[in-house]
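Peer 1: Going by the numbering used here, 161 is the number at position 161 of the sequence shown; the sequence numbering is gapless.
C-beta: ideal position from N, C-alpha, C; glycine also.
Small disclaimer: the values here were computed from a predicted structure and weren't measured.
Below you'll find the structure I mean.
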Amino acid sequence: MIDQPFRGSDAVHAGLLSKNHLLGPRFVRVFPDVYVPAGLPLDLDVRSRAAYLLVGCRGGLLAGWSAVRLLGAEGAPLDAPAEVLVDHDLRRHAGLAVRRGSATGDDVYEVEGCRVTSPLRTAWDLGRRRGVENAVVALDALTRAHGIDPVELLKRREEQPGARGCRQLDRVVELADGRAESPMESRLRVLLVRSGLPMPQVQYVLRDEDGVVVARFDLAYPDARLAIEYDGREHHFSVLSADDRVRDARAGRLGWQTLRFTRDDLVRTRPRTVAVVREVLAERRSILRRAGLRLHDPAEFDA
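Structure follows, in structure tokens:
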């Protein structure tokens, strides 16, 4: 049973299918001579593997968000096309981004039979693309998955000073943090900082007076005792799990307030999200100053 992208001509030649079956309702043409079974979700992983069948035989490889996906990292925008890197002319097709160039040596990995740009090369390519937020998301994800050092991007820029998009690398590296545990957490952090708010601490650990861990927050402003969490659940963030309620209550007893945001807050109501954080942050700092509380509790520290 065929359950992945395949070259139609190969399947017909091997006697697995007749040409009539190939062109019938059981299969969907993705790219020239590249098919998938009807009903197979055309997510980025499937489209990328289909794209590799189109270019791999001529030395092409997967790059950009396709490389991110096959390298086991997350964060691709929902509308990200499959992406290939080729050194020859290739007609453009719907759902396929074609980049002209080449990669050799340490810039190439092989993943499940597909040649892809390495984590560092992928970060270099995406980090120079227009759109700082997406660039930071990619760098965070690749750093977390593969332990790349963002500073290596700046070293590569010194070696290729004329490369397109190099100017934004300083900002991308400055904003990146591989401790982020999800792409949306990265997007939330970048949104806040690019909107003029201070850089929050990432994966902040809160301990009680006995040194017992009370919580690990996605983002935190310790000076205001303000925690910020990205809630990836589909339902409204007011519906908290029992663990969340207990954790928030324990943090609250230590004087902390927790704000929670969902995907909608980062996609549909970004200005309101920033305004809420800005308002609460200022309010919390004012309250603590009036109360004469220390900005940092010695029982708290960052991971």
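Do you know offhand how far A97's Cα is from L53's?
Peer 2: Going by the C-alpha atoms only, they are around 14 Å apart.
Peer 1: Using DSSP bridges, identify the partner residues of I228.
Peer 2: According to DSSP, which records beta bridges pairwise, I228 is partnered with L219, L259.
Peer 1: Quick one: residues in its chain with C-beta nearer than 7 Å to the C-beta of L266, no 5 flanking neighbours on either side, listed in chain order?
Peer 2: Correct list, in chain order: M184, R187, L188, L191, T273.
Peer 1: Keeping to the same chain, check which residues put their C-beta closer than 6 Å to that of H146; ignore five residues upstream and five downstream.
Peer 2: Result list for H146: P119, in chain order.
Peer 1: Rounding to the nearest angstrom, what Cα-Cα distance links R92 and A103 in this structure?
Peer 2: Each residue's Cα considered, the two are about 20 Å apart.
Peer 1: Alpha carbon to alpha carbon, how far is S18 from D79?
Peer 2: Approximately 34 Å, taken between the alpha carbons.
Peer 1: Touch check for the stretch 135-149 and the stretch 175-183: three-plus C-beta pairs under 8 Å?
Peer 2: With the cut-off at 8 Å, the stretch 135-149 and the stretch 175-183 touch.
Peer 1: Rounded to the nearest angstrom, how far is the Cβ of L153 from that of V173, given a contact under 8 Å?
Peer 2: The Cβ separation is near 6 Å, so the contact holds.
Peer 1: Under DSSP, the alpha helix (DSSP H) around V55 begins and ends at which residues?
Peer 2: Unbroken alpha helix (DSSP H) run through V55: 44-55.
Peer 1: Please tell me whether V116 and L71 are closer than 8 Å, where the distance is taken between their beta carbons.
Peer 2: Yes, the pair counts as a contact, with Cβ atoms nearer than the cut-off.
Peer 1: When DSSP labels each residue in this structure, what does V84 get in the three-state scheme?
Peer 2: Three-state result, V84: strand.
Peer 1: Between the C-alpha atoms of M199 and V193, what's the straight-line distance to the nearest angstrom?
Peer 2: Near 6 Å, if we compare the C-alpha coordinates of V193 and M199.
Peer 1: Which class does R164 belong to by DSSP, given the choice of helix, strand or coil?
Peer 2: Coil.
Peer 1: Quick one: Cα of I2 to Cα of A11, how far?
Peer 2: C-alpha separation (whole angstroms): 10 Å.
Peer 1: Would you call V151 buried or exposed, if buried means 16 or more other Cβ atoms sit within 10 Å of its Cβ?
Peer 2: It is exposed - the Cβ of V151 has fewer than 16 other Cβ atoms within 10 Å.
Peer 1: Does the stretch 214-233 touch the stretch 243-251, meaning 3 or more C-beta pairs lie closer than 8 Å?
Peer 2: Yes: the two stretches touch, three or more of their Cβ pairs being nearer than 8 Å.
Peer 1: What are the partner residues of P37, as DSSP defines its beta bridges?
Peer 2: DSSP, once it has assigned bridges, lists F27 as partnering P37.
Peer 1: Alpha carbon to alpha carbon, how far is S66 from D45? Give it in angstroms, no decimals.
Peer 2: For D45 and S66, the distance between alpha carbons rounds to 7 Å.
Peer 1: Nearest-angstrom Cα distance between R47 and L61?
Peer 2: Those two C-alpha atoms are separated by around 13 Å.
Peer 1: Between which two residues does the beta strand (DSSP E) containing L96 stretch?
Peer 2: Looking at the DSSP string, the run of the beta strand (DSSP E) that includes L96 is 96-100.
Peer 1: Where does L78 sit, in a helix, a strand or coil, going by DSSP?
Peer 2: If DSSP states are grouped into helix, strand and coil, L78 belongs with coil.
Peer 1: Compute the distance between the beta-carbons of L259 and A224, then report whether it is under 8 Å.
Peer 2: No, the pair does not count as a contact, with Cβ atoms beyond the cut-off.
Peer 1: Apart from the five residues just before and just after C166, which ones in its own chain have a Cβ nearer than 8 Å to its Cβ?
Peer 2: Same-chain partners within the cutoff: R128, R157, Q160.
Peer 1: How would you label N134, buried or exposed, when you count the other beta carbons within 10 angstroms and need 16 or more for buried?
Peer 2: N134 should be labelled buried.
Peer 1: Relative to the C-alpha of P77, which candidate in A51, L126, D106, R58 has its C-alpha closest?
Peer 2: Nearest of A51, L126, D106, R58 to P77, Cα basis: L126.
Peer 1: Starting from the C-beta of V111, find all residues in its chain whose C-beta is less than 7 Å away, skip the five residues before and the five after it, and write them out in chain order.
Peer 2: Correct list, in chain order: L70, L71.
Peer 1: Please work out which residues of its chain come closer than 7 Å, Cβ to Cβ, to W124, disregarding the five sequence neighbours upstream and downstream, and give them in chain order.
Peer 2: Excluding sequence neighbours, W124 sits near L153, R156.
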